[in-house]
Amino acid sequence: MTLRSRLVAFAAVLVLVVAGTILFVLQVRRERERAAAAAPPVAVTDLATVTRQPHLIFRSTAIGDDYGRVAAVPLGDPSGPRAFTGASCDRVYAHRDEAVCLYSKPGLVTTYQAEVLGADWAVRRSLPLAGVPSRTRLSPDGAWAATTTFVSGHAYSTPGAFSTETLVTPLGAGGGKSLNLETDFKLYVGGRRNTARNRNLWGVTFTGDGDHFYATAASGDKTWLVRGSLKTRELTALRADAECPSLSPDGTRVAFKTRNGQAEGQWTIAVHDLASGAVTLLAEKHSVDDQIEWLDDEQVLYGLPRSGSGPSASDVWVVPADGTGSPRLFVADAWSPAVVR
Amino acid sequence: MYITIRDRPAENRAAGPKARVATTVVLLGVVSLLTDVSSEMVTAVLPLYMTAELGLSLLAYGVVDGLYQGVSALVRIFGGYLNDRTNRPKWVAVFGYGISALSRIALIPAHGFAAITGVVTADRLGKGFRTAPRDALIADASDPAVLGRAFGVHRTLDTIGAALGPLAAFGLLLLVPSGYTSVFVASFGFGLLGVAVLVLFVPDRRTAGGGLPARRLFAELLSPRLRRPLLAAGLLGLLTVSDGFLYLSLQHSGGFAASWFPLLYVGTNLVYLSLAIPLGRLSDRVGRARVFVGGHLALLLTYLVAGGSGGGLIATLVALALLGAYYAATDGVLPALISKRVPAAARGSGIAAAQTVVVLARFAVSLAFAALWEGIGPQSALYLAAGLLVVGIGAAAWLLKGIDA
Chain D
0 MTLRSRLVAF AAVLVLVVAG TILFVLQVRR ERERAAAAAP PVAVTDLATV TRQPHLIFRS
60 TAIGDDYGRV AAVPLGDPSG PRAFTGASCD RVYAHRDEAV CLYSKPGLVT TYQAEVLGAD
120 WAVRRSLPLA GVPSRTRLSP DGAWAATTTF VSGHAYSTPG AFSTETLVTP LGAGGGKSLN
180 LETDFKLYVG GRRNTARNRN LWGVTFTGDG DHFYATAASG DKTWLVRGSL KTRELTALRA
240 DAECPSLSPD GTRVAFKTRN GQAEGQWTIA VHDLASGAVT LLAEKHSVDD QIEWLDDEQV
300 LYGLPRSGSG PSASDVWVVP ADGTGSPRLF VADAWSPAVV R
Chain B
0 MYITIRDRPA ENRAAGPKAR VATTVVLLGV VSLLTDVSSE MVTAVLPLYM TAELGLSLLA
60 YGVVDGLYQG VSALVRIFGG YLNDRTNRPK WVAVFGYGIS ALSRIALIPA HGFAAITGVV
120 TADRLGKGFR TAPRDALIAD ASDPAVLGRA FGVHRTLDTI GAALGPLAAF GLLLLVPSGY
180 TSVFVASFGF GLLGVAVLVL FVPDRRTAGG GLPARRLFAE LLSPRLRRPL LAAGLLGLLT
240 VSDGFLYLSL QHSGGFAASW FPLLYVGTNL VYLSLAIPLG RLSDRVGRAR VFVGGHLALL
300 LTYLVAGGSG GGLIATLVAL ALLGAYYAAT DGVLPALISK RVPAAARGSG IAAAQTVVVL
360 ARFAVSLAFA ALWEGIGPQS ALYLAAGLLV VGIGAAAWLL KGIDA
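Same order as they appear, the protein sequences are chains D and B.
For what it's worth, numbering that gives the first Met the number 0 labels the leading residue of the first sequence as 0, then goes sequentially.
For what it's worth, numbering that gives the first Met the number 0 labels the leading residue of the second sequence as 0, then goes sequentially.
(1) With A380/B and F368/B assumed to form a contact (beta carbons below 8 Å), what rounded beta-carbon distance in angstroms separates them?
(2) Does F200/B get closer than 9 Å to chain D when you measure Cβ to Cβ?
(3) Where D134/B and V30/B are concerned, what is the direct C-alpha to C-alpha distance, given to the nearest angstrom?
(4) Locate the alpha helix (DSSP H) running through H295/B, then write down its first and last residues.
(5) Kindly indicate if chain B contains any beta-carbon less than 9 Å away from that of S156/D.
(6) For my contact list, T315/D and G302/D are in at a C-beta cut-off of 8 Å; report their separation, rounded to the angstrom.
(7) Verify the CB distance criterion: does F150/B have a CB-CB separation below 9 Å to chain A?
(8) Is it the case that the Cβ atoms of A43/B and T20/D are separated by a distance below 9 Å?
(9) Quick one: residues in its chain with C-beta nearer than 7 Å to the C-beta of L26/B, no 5 flanking neighbours on either side, listed in chain order?
(10) In whole angstroms, what is the alpha-carbon distance linking L101/D and R90/D?
(11) Taking DSSP as the reference, what is the three-state secondary structure of Q112/D?
(12) Would you give the residue range spanned by the alpha helix (DSSP H) that T378/B belongs to?
(13) Based on DSSP bridge pairs, tell me the residues matched to Q341/D.
(14) Run through DSSP, which three-state label would D314/D get?
(15) Which chain D residues are close to G188/B, counting only those with a beta carbon under 8 Å from its beta carbon?
(16) Got a sec: which bits of the segment 166-181 of chain B sit with their beta carbon under 8 Å from any beta carbon on chain D, in order along the chain?
(17) Answer with buried or exposed for E114/D, where buried requires no fewer than 16 other C-beta atoms within 10 angstroms of its C-beta.
(18) Quick one, which of L173/B, R227/B, D403/B and A320/B has its alpha-carbon nearest T301/B's?
(19) With burial defined as no fewer than 16 other Cβ atoms inside 10 Å of the residue's Cβ, what is the status of A121/D: buried or exposed?
(20) From the beta carbon of L13/D, is the nearest beta carbon of chain B less than 9 Å away?
(21) Count the other CB atoms, across all protein chains shown, that sit within 10 Å of the CB of A172/D; report buried if there are 16 or more and exposed otherwise.
(22) Determine the DSSP secondary structure at L45/B, reduced to helix, strand or coil.
(23) Who are the near neighbours of A145/D in its chain, counting only those whose CB is closer than 6 Å to its CB and skipping five residues on each side?
(24) Leaving aside the five residues before and after V268/D along the sequence, list all residues of the same chain whose C-beta is less than 8 Å from its C-beta, in chain order.
(25) Quick check on the DSSP output: the beta strand (DSSP E) that includes Y96/B runs from which residue to which?
(26) Taking one C-beta from the segment 212-226 of chain B and one from the segment 26-43 of chain D each time, how about it: are there three or more such pairs within less than 8 Å?
(27) Would you say F291/B reaches chain D, if we count a Cβ-Cβ gap shorter than 9 Å as a contact?
(28) Quick one: what's got a C-beta closer than 6 Å to L274/B's C-beta in the same chain, skipping five residues either side?
(29) Quick one: is T355/B near chain D, going by C-beta distance under 9 Å?
(30) What is the DSSP secondary structure of G331/B, reduced to helix, strand or coil?
(31) Listed from N- to C-terminal order along the chain, which residues in the segment 277-305 of chain D have their beta-carbon within a distance smaller than 9 Å of any beta-carbon of chain B?
(32) Can R227/B and L398/B be called in contact, C-beta distance under 9 Å?
(33) For G406/B and L156/B, which I take to be in contact (beta-carbon distance under 8 Å), what is that distance rounded to the nearest angstrom?
(34) Flag this pair as yes or no: are the beta carbons of V270/D and A71/D separated by less than 9 Å?
(35) Which residues bound the beta strand (DSSP E) around K126/B?
(36) Please confirm if F255/D has its CB atom under 9 Å from at least one CB of chain B.
The following block contains the structure:
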């Protein structure tokens, strides 16, 4: 081939690639508009009416303009009309009149934000946030907020690059500095102090006593359910192979996800009885990668990505906490559930 | 920036240090630039895509990140062997660049954890295949007297691509919110353009010799000419702490580095791309072995700064600059050093052998260093590594003595 014909061939490839990409992007935008227009309209109701009764706060993933917005449904009618708030979050947790919201702000350099929202869903306070949002919880008395983010290294690095950052921040009037679970707390496993530098901590759930909490500790390829104290700044391992704990409303059991001998990236959900140490595997057969939320003392809620229908589609499911029964759809097009009574 | 596009046949051995960098080298640089835009676009959005869009956890991402590092090292030597066996470096490289480009389009239907690990593995396999034949092509097309500069030009273009990729990806996400599919399609487009430049413009040089049989190739790799540089590269590789740990050490000491963690690698890349050509030229003048060993002195200083600092702004910037200088003085200089020591027929394997030795040594040491890091803490671990590196640099300097002559 002569240089001339090669240049012509390259110009053709260039035009095809550029035109193809532009057409694809335009097509995606157009299809989104069409899908938004064609999507069965989400039945919407009044927020004040919903939040007066026991309700579920979640991130709505229904296609349309309200995608990613925080919404509420009554616990009595979870598949009924949803009420939208003004907040948009990747991860949300709420109590009556208080919520914590983690989100990413896309930009040339994508940044991440964490905010405490008040009763009117307006920003009351900003929290530090270093990476991709993952988990968040409020303590029952509203005095503490916990956030877990994913801080990643880059390219040339090898092990040790994967890292989470979990902060607990006092929300009281006095405020105060955030505590970092990794650096401000001592970790004990089997009675011995663990000083591993590659330890990671994530997924906090608070007890009602204003001091204790449960979380995940990891070092190397091991994970533990740990119980921590804000006063003594100590974390003690309770059992191995347990991640993203969630304390039941009556404070007697912890639901968590466990590898349980499965492949990397596969988890089963289980419940650990704090008094007896007995563990019950729940009936959900799909791999669950979420921090579980208790609907009441008998049932748990969790998000599942909806396979086959493209990314970003997810639903919230419910399953009995005693290993019996079978999972059932609780709220479609939803993620990051929080029960508010 | 110093890039001159002017064709000067490689056979012109008399050209001396003033010779221009061959067009083939610049073209291969452009191929790498386009491919790096393509791959860094994906790397930049993958954590968000996996966690925010697919609802996968952090740990799942950690596994994928590990795959990114590990896979390519092992196929590299096979790529080098294939290159020397078939004697068609261009087409081996096309195969490698091709798989990586195709893997982007596979990301669109890949929604689960297993599918994504598969795609990432394919991408890395492609990288493993293409590196050695590409470096062999650069060596073949260049005047040996300016080989250091030629590799410098190539690595500069390559790193520019790596810096532009994330900007392109996040720019596109601004246009199409949550439009990860669009990012993958655009990334595929860039990858395709890279392959097109390679196929259409890079000459299909056949390296000398008719494809070495495996046994002779093996003998060549163990020959005294290569034994010393391979030993030196392996020894220094064993004393190279992965920069993930250096970043973590800066971050753990708090302060500036903690809040700017994601930008640390950008700083390293900027220094790398601005120093790759000057240090490549320096290596042509004063000797590649000298610059290669000197680069490890910069690494030694990095350990001391990262170990001794409180994570302040100045210390962080100094550490990043030193780390970038280390990459600039070693990454392109090593293949330049090796190319001269092996006959053209075994060049791909020779370069691949050196790169594999370095990557495997670094991988082994990162496991050992992780244990050290846990045992005695980051500061002592870095100081210990620095002490060992002093000895290693001395030994490497002795092994490489007279090699530039």
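Using N, Cα and C, we set each Cβ at its ideal position, and we do this for glycine too.
Just so it is clear, the structure is predicted and the values come from calculations on it, not from any experiment.
By the coordinates alone:
(1) Here residue 380/B is taken as the residue at index 381 of the second sequence, counted from 1. Here residue 368/B is taken as the residue at index 369 of the second sequence, counted from 1. Correct: roughly 7 Å between the Cβ atoms.
(2) Walking along the second sequence from the start, residue 200/B turns up at place 201. F200/B counts as touching chain D.
(3) Position 135 of the second sequence, counted from the first residue, corresponds to residue 134/B. Position 31 of the second sequence, counted from the first residue, corresponds to residue 30/B. In a straight line, the C-alpha of D134/B is about 13 Å away from that of V30/B.
(4) Counting from one through the second sequence, the residue named residue 295/B turns up at place 296. It spans R287 to G307 - the alpha helix (DSSP H) in which H295/B sits, taken as one unbroken run.
(5) Here residue 156/D is taken as the residue at index 157 of the first sequence, counted from 1. In this predicted model, S156/D has a pLDDT of only 32, less than 50, meaning its place in the structure is not dependable; the value taken from the coordinates is given anyway. Answer yes: the Cβ-Cβ gap between S156/D and chain B drops below 9 Å somewhere.
(6) Position 316 of the first sequence, counting from 1, holds the residue named residue 315/D. Position 303 of the first sequence, counting from 1, holds the residue named residue 302/D. Checking the sequence, you will find Val at residue 315/D rather than Thr. So it is a contact: roughly 6 Å between Cβ atoms.
(7) No chain A appears in this structure, whose protein chains are D and B.
(8) Indexing the second sequence from 1 puts residue 43/B at position 44. Indexing the first sequence from 1 puts residue 20/D at position 21. The answer is no: Cβ separation not under 9 Å.
(9) Counted from its first residue, the second sequence places residue 26/B at position 27. Closer than 7 Å at the Cβ level, and outside the excluded window around L26/B, lie V196, F200 and V201.
(10) For the purposes of this step, residue 101/D is taken as residue 102 along the first sequence, with counting starting at 1. For the purposes of this step, residue 90/D is taken as residue 91 along the first sequence, with counting starting at 1. If you take the alpha carbons of L101/D and R90/D, they lie about 5 Å apart.
(11) For the purposes of this step, residue 112/D is taken as residue 113 along the first sequence, with counting starting at 1. In this structure, Q112/D counts as strand in the three-state DSSP scheme.
(12) Along the second sequence, read from residue 1 onward, the residue named residue 378/B stands at position 379. Checking the displayed sequence, the identity of residue 378/B turns out to be Gln instead of Thr. Residues P377 to L398.
(13) Here chain D covers residues 0 to 340 and nothing more, so residue 341/D does not appear.
(14) Indexing the first sequence from 1 puts residue 314/D at position 315. In the structure shown, D314/D sits in a strand (DSSP, three-state: E or B).
(15) Position 189 of the second sequence holds residue 188/B. In chain order: V16, V17, G19 and T20.
(16) L166, F169, G170, L171, L172, L173, L174, V175, P176, S177, G178, Y179, T180 and S181
(17) For this step, residue 114/D is matched to residue 115 along the first sequence. That one is buried.
(18) Locating residue 301/B in the second sequence gives position 302, counting from the first residue. The shortest C-alpha separation from T301/B is found at A320/B.
(19) For the purposes of this step, residue 121/D is taken as residue 122 along the first sequence, with counting starting at 1. That one is exposed.
(20) Mapped onto the first sequence, residue 13/D falls at position 14. Yes - at least one Cβ of chain B is within 9 Å of the one on L13/D.
(21) By one-based count along the first sequence, residue 172/D stands at place 173. A172/D is exposed by the Cβ-count criterion.
(22) What you label residue 45/B is simply residue 46 of the second sequence in a count that begins at 1. In this structure, L45/B counts as helix in the three-state DSSP scheme.
(23) Start at 1 with the first residue of the first sequence, and residue 145/D comes out as number 146. Excluding residues within five positions, the ones whose Cβ falls inside 6 Å are R136, V167 and V203.
(24) The sequence position of residue 268/D within the first sequence is 269, counting from 1. In the sequence under discussion, the amino acid at residue 268/D is Ile, which differs from the Val named in the question. Around I268/D: A254, F255, K256, T257, L280, L281, E283, V287, I291, V299, Y301 and V318.
(25) Walking along the second sequence from the start, residue 96/B turns up at place 97. No beta strand (DSSP E) contains Y96/B, which is instead part of the alpha helix (DSSP H) from P88 to A105.
(26) no
(27) Mapped onto the second sequence, residue 291/B falls at position 292. Taking Cβ atoms only, chain D never reaches closer than 9 Å to F291/B, which makes this a no.
(28) Position 275 of the second sequence, counting from 1, holds the residue named residue 274/B. Excluding sequence neighbours, L274/B sits near A324 and A327.
(29) Counted from its first residue, the second sequence places residue 355/B at position 356. Not one chain D Cβ lies under 9 Å of T355/B.
(30) Sequence index remark: in the second sequence, residue 331/B carries index 332 (1-based). Of the three classes helix, strand and coil, the one that applies to G331/B here is coil, per DSSP.
(31) Per Cβ criterion, the list reads S286, D288, D289, G302, L303 and P304.
(32) Position 228 of the second sequence holds residue 227/B. Position 399 of the second sequence holds residue 398/B. Against a cut-off of 9 Å, the Cβ pair of L398/B and R227/B comes out as a contact.
(33) The requested residue 406/B does not occur in the structure, where chain B is confined to residues 0 to 404.
(34) Counting from one through the first sequence, the residue named residue 270/D turns up at place 271. Counting from one through the first sequence, the residue named residue 71/D turns up at place 72. No, the pair does not count as a contact, with Cβ atoms beyond the cut-off.
(35) As a position in the second sequence, residue 126/B is number 127, starting the count at 1. K126/B -> not in any beta strand (DSSP E); alpha helix (DSSP H) instead, spanning F112 to A140.
(36) As a first step, residue 255/D is located in the first sequence; it is residue number 256 there, counting from the start. By this cut-off, F255/D is not an interface position.
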